[in-house]
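First comes the structure, then the notes that go with it.
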Amino acid sequence: MRHFLLIFLANLFFIQLALAEGYQVNLQGQKQTGMGHTGTGLLLGPSSIHFNPGALAFLEGNFFLSGGISGVFSNNSFVQNEPVYYKAESDNPVGTPFSFYGAMRLNKRLVVGLGVNSPYGNTLDWEDDWAGRYLIQNISLQAIFVQPTVSYAITPHISIGGGPVIAFGSVDLDQAIPLVPLDDGSVNLNGDATAWGV
1 MRHFLLIFLA NLFFIQLALA EGYQVNLQGQ KQTGMGHTGT GLLLGPSSIH FNPGALAFLE
61 GNFFLSGGIS GVFSNNSFVQ NEPVYYKAES DNPVGTPFSF YGAMRLNKRL VVGLGVNSPY
121 GNTLDWEDDW AGRYLIQNIS LQAIFVQPTV SYAITPHISI GGGPVIAFGS VDLDQAIPLV
181 PLDDGSVNLN GDATAWGV
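Start counting the sequence shown at 1; every next residue gets the next number (full-length UniProt numbering).
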């Protein structure tokens with residue numbers, strides 16, 4: 001017990017704040033989020049459509065529903081220490097990633113389901129005159145995945161599952177362009193696409 005306490009206290013000394021973020025939002029299932037995504041191999045309800053489709057066949061019952069919406073409050077800062085200290089902060093709206101899953105047992109071994117979630121997306125709004133305006137001023141990304149799934153129990157302990165993932169995505173990006181000696185110009189790039197995979 002004493003060794004455990006010493007190791008715990010030593011680890012507290014080395015804990016650092018993570019100062020990074022991407023556009024992936026890992027909130028595809030409330031139970032998975034609560035477990036820090038360590039339960040991918042476990043049966044945690046219909047959110048297994050996203051994490052482990054084969055596990056659906058082991059759900060107990062006939063109808064299964066799960067869903068959730070999360071509020072994501074993001075704050076971004078850019079700090080430059082040299083040659084002169086400069087700091088800029090973004091003013092981002094609240095992100096609302098969601099996930100909804102439904103499944104139905106067709107017989108003792110076969111379960112079908114549908115998952116709809118938003119694993120990627122965010123909006124980032126910087127001030128118009130910030131130092132990085134020639135790289136990015138504003139960006140909005142969104143991806144919505146639709147996943148019909150079939151799961152079949154081969155034996156009481158082995159099952160398989162899968163299905164196509166249809167992704168609907170969009171992007172909207174603003175960037176400043178230097179027009180010396182005139183004021184800055186700007187460019188807006190936007191688009192959307194649909195793709196699928198297994």
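C-beta: ideal position from N, C-alpha, C; glycine also.
As assigned by DSSP and simplified to three states, the class of residue i
i, result
"R2", "helix"
"G71", "coil"
"L65", "strand"
"I177", "strand"
"Q32", "helix"
"G54", "helix"
"A193", "strand"
"A10", "helix"
"S159", "strand"
Beta carbon of residue i nearer than 7 Å to that of residue j
i, j, result
"S118", "N92", "no"
"W126", "Q137", "yes"
"G113", "L59", "no"
"P53", "G162", "yes"
"D184", "A195", "no"
"A153", "R109", "yes"
"L179", "L189", "no"
"P97", "V25", "yes"
"S90", "N81", "no"
"V72", "G95", "yes"
"A88", "F100", "no"
Same chain, Cβ closer than 6 Å to residue i, five either side skipped, listed in chain order
i, result
"N11", "none"
"V111", "L56, A57, A103, R105 and S151"
"V84", "none"
"T33", "L27"
"L65", "G102"
"I139", "L124 and L173"
"P156", "none"
"S70", "L27 and P97"
Per DSSP, the bridge partner or partners of residue i
i, result
"Q142", "G121 and S170"
"P148", "L114"
"L187", "Sequence check: residue 187 is Val here, not Leu. Answer is Q175, bridged to V187."
"A88", "F78"
"G102", "L65 and L114"
Cβ neighbours of residue i in the same chain (closer than 7 Å, five flanking residues each side left out)
i, result
"L44", "G29, K31 and Q32"
Interface flag, residue i vs chain B, CB-CB below 7 Å
i, result
"Q30", "The structure shown contains no chain B, having only a single protein chain."
Same chain only: Cβ atoms within 8 Å of residue i, ignoring 5 sequence neighbours per side
i, result
"I186", "For the sequence presented, residue 186 should be read as Ser rather than Ile. Here the set comprises Q137, D174, Q175, A176 and I177."
"T149", "I49, P53, L56, A103, V112, G113, L114, G115, G161, G162 and G163"
Using 8 Å as the threshold, is the region 40-50 in touch with the region 111-125, meaning 3 or more CB pairs across them?
yes
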